[in-house]
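Engineer:
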Amino acid sequence: MPQHFFSFFPEPQGHFLFASRDRISMGGRYATAAPSSATPVSAAAAAAAAAATAATAATAAVVVAAGVAAAAEVAAAGGGAAAIAAGGKAAKAAREAATARIAAAAAAAAAAAAAQREHSKPKFFLIQTVDSLQPQIAQQEGPPVEDGQQQQQQQQQQQQQQQQQQQQQQQQQYLGEKKG
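Each residue of the sequence shown is one higher than the one before, starting from 139 at the first, in the working numbering.
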């Protein structure tokens with residue numbers, strides 16, 4: 139199933155832009171997007187999609203190989219059915235091993251199917267424009283600091299560091315006297 143990508147354009151009002159493969163929603167207004175061969179959102183997203191497709195193909199190959207091996211085991215165990223009827227313990231153990239392998243192959247197939255379903259679900263992206271991030275950036279930076287306040291803060295930090303160094307020296311002296 140081919141993947142379709144969209145080119146996203148920033149909105150000057152700073153609204154959120156929700157997008158999926160088949161629908162774009164902007165502020166409650168819906169616009170159906172036809173599949174196109176537009177430029178991918180980013181090279182990283184395209185690489186991630188290619189890696190997921192390759193991983194799915196590799197998983198499917200492993201499941202097919204496990205199924206072929208399990209079928210061979212079943213044929214071998216079926217040939218030993220007469221020996222089982224005669225009471226052969228070795229053939230019974232082989233049949234149980236084949237049954238376990240079949241169960242493992244079925245579990246692997248179920249896991250691969252679940253991974254494929256998860257991979258094929260529509261992906262949603264939440265994009266914030268720079269305008270909508272401005273208040274957050276301002277909060278992180280904090281209010282402007284005056285030069286006098288900055289010097290005072292630096293002096294306080296230096297005093298705290300000196301006090302810590304003095305305490306460490308006193309502790310070392312005390313421990314040295316105690317040992318001596």
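No residue lacks a Cβ here, since even glycine has one placed at the ideal position from N, Cα and C.
#1: Would you check if the distance between the CB atom of A253 and the CB atom of T197 is smaller than 8 Å?
#2: Please say whether R239 and E211 have beta carbons closer to each other than 8 Å?
#3: Could you tell me the distance, in whole angstroms, from the CA atom of Q290 to the CA atom of H257?
#4: Please report the straight-line C-alpha distance between A187 and A243, rounded to a whole angstrom.
#5: With a CB to CB cut of under 6 Å and the five nearest residues on each side skipped, what residues in its chain are close to Q309?
#6: For the ligand HEM, any of its heavy atoms closer than 7 Å to the Cβ of A231?
#7: Please report the straight-line C-alpha distance between P178 and V202, rounded to a whole angstrom.
#8: Could you check if A193 is buried or exposed, using at least 16 other CB atoms within 10 Å of its CB as the buried criterion?
#9: Along the chain, where does the alpha helix (DSSP H) containing K230 start, and where does it finish?
#10: Tell me which same chain residues have a C-beta within less than 6 Å of the C-beta of Q302, skipping the five on either side of it?
#11: What's the C-alpha gap between A249 and P260?
#12: Using only the alpha-carbon positions, how far apart do Q295 and K316 sit?
#13: Since I believe A246 is in contact with A204 (beta carbons under 8 Å), could you give me their beta-carbon distance rounded to a whole number of angstroms?
Structural biologist: In short:
#1: yes
#2: yes
#3: Looking at the two C-alpha atoms, the distance is approximately 56 Å.
#4: 26 Å
#5: none
#6: For the structure depicted, the ligand HEM is absent and the ligand set is empty, with no information on it obtainable.
#7: Below a pLDDT of 50, predicted positions are generally treated as unreliable, and P178, at 45, falls in that range; the measurement from the model is reported next regardless. About 32 Å.
#8: exposed
#9: 227-258
#10: none
#11: Going by the C-alpha atoms only, they are around 19 Å apart.
#12: 32 Å
#13: 6 Å
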